[in-house]
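Asker: Numbering (our numbering), first residue to last: 113 to 299. The C-beta atom is built at its ideal place from N, Cα and C for all residues, glycine as well.
#1: DSSP state of residue 134, grouped into three classes?
#2: May I ask you to report which of helix, strand or coil DSSP gives residue 202?
#3: So, does the CB of residue 208 fall closer than 9 Å to a CB anywhere in chain B?
#4: For residue 163, which of 169, 283, 223 and 191 has the nearest alpha-carbon?
#5: Provide the residue span of the beta strand (DSSP E) that contains residue 242, from first to last.
#6: Going by C-alpha to C-alpha distance, which of 168, 214, 183 and 212 sits closest to residue 304?
#7: Cutting at 8 Å between CB atoms, please list the residues of its own chain near residue 179, excluding the five before and the five after it.
#8: Going by CA-CA distance only, name the one from 169, 282 and 296 that's closest to residue 268.
#9: Quick check: residue 295 and residue 195, are their CB atoms within less than 9 Å of each other?
#10: Where residue 189 and residue 231 are concerned, what is the direct C-alpha to C-alpha distance, given to the nearest angstrom?
#11: Select from 197, 221, 250 and 275 the residue whose C-alpha is nearest the C-alpha of residue 210.
#12: Rank 200, 283, 219 and 256 by C-alpha distance to the C-alpha of residue 249 and give the top, closest one.
#13: Report all residues from its chain with a CB closer than 6 Å to the CB of residue 264; omit the five preceding and five following residues, and keep chain order.
#14: Would you mind reading off the limits of the beta strand (DSSP E) that contains residue 279?
#15: One question on the structure: do residue 208 and residue 225 come within less than 9 Å of each other, judged by their Cβ atoms?
#16: Identify which residue in 290, 284, 193 and 229 has its Cα closest to the Cα of residue 257.
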């Protein structure tokens with residue numbers, strides 16, 4: 113195909129206008145940060161599955177040999193069945209000493225004696241309560257069948273046992289663990 117210079121300029125401008133919206137959608141993150149976005153493929157009205165969890169849990173006072181619990185709200189919206197799993201950044205599932213000023217775990221710092229546990233009540237397909245000891249990843253909830261996109265709001269309970277041997281937190285450090293929740297379609 114032969115293009116004269118005016119047609120070439122017009123074709124180039126059309127490509128430029130098509131490329132510009134793509135550049136405005138690019139998001140960047142610095143090391144250690146994350147970016148959240150939704151990408152819809154096809155003609156769906158919205159995402160098939162979404163998950164909302166709290167960004168952080170703080171002001172949790174732990175008492176030795178007490179039933180230390182903290183409740184969090186989790187919201188899942190899906191068109192079909194799904195599975196909700198949880199894991200932690202600590203291979204032993206135990207909260208470790210963390211420097212909030214330096215925003216890093218303390219090298220060779222101590223960790224609590226017991227792993228954090230998370231539980232949720234059962235459901236129709238699984239009447240027993242779900243409980244995951246975070247020393248290994250696990251499922252904490254599952255829903256089957258067509259949901260029609262209706263949101264489900266659930267309460268999960270964090271359980272942390274503490275012993276007298278665990279060092280109390282101080283002005284220099286707190287105990288911390290990062291949780292990762294993943295919701296996947298279960299057909």
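Answerer: Well, looking at it:
#1: Bear in mind that the predicted position of residue 134 carries a pLDDT of just 41, short of 50, making it too unreliable to give a figure here.
#2: coil
#3: The structure shown contains no chain B; it holds only a single protein chain.
#4: 191
#5: Segment 242-245, the beta strand (DSSP E) holding residue 242.
#6: Any question about residue 304 goes unanswered here, given that the chain covers just 113 to 299.
#7: Once the five neighbours on either side are set aside, the close Cβ partners of residue 179 are 271.
#8: 169
#9: yes
#10: 20 Å
#11: 221
#12: 200
#13: 188
#14: Premise fails: residue 279 is in no beta strand (DSSP E) and is neither H nor E.
#15: no
#16: For residue 257, the nearest C-alpha among the options comes from 193.
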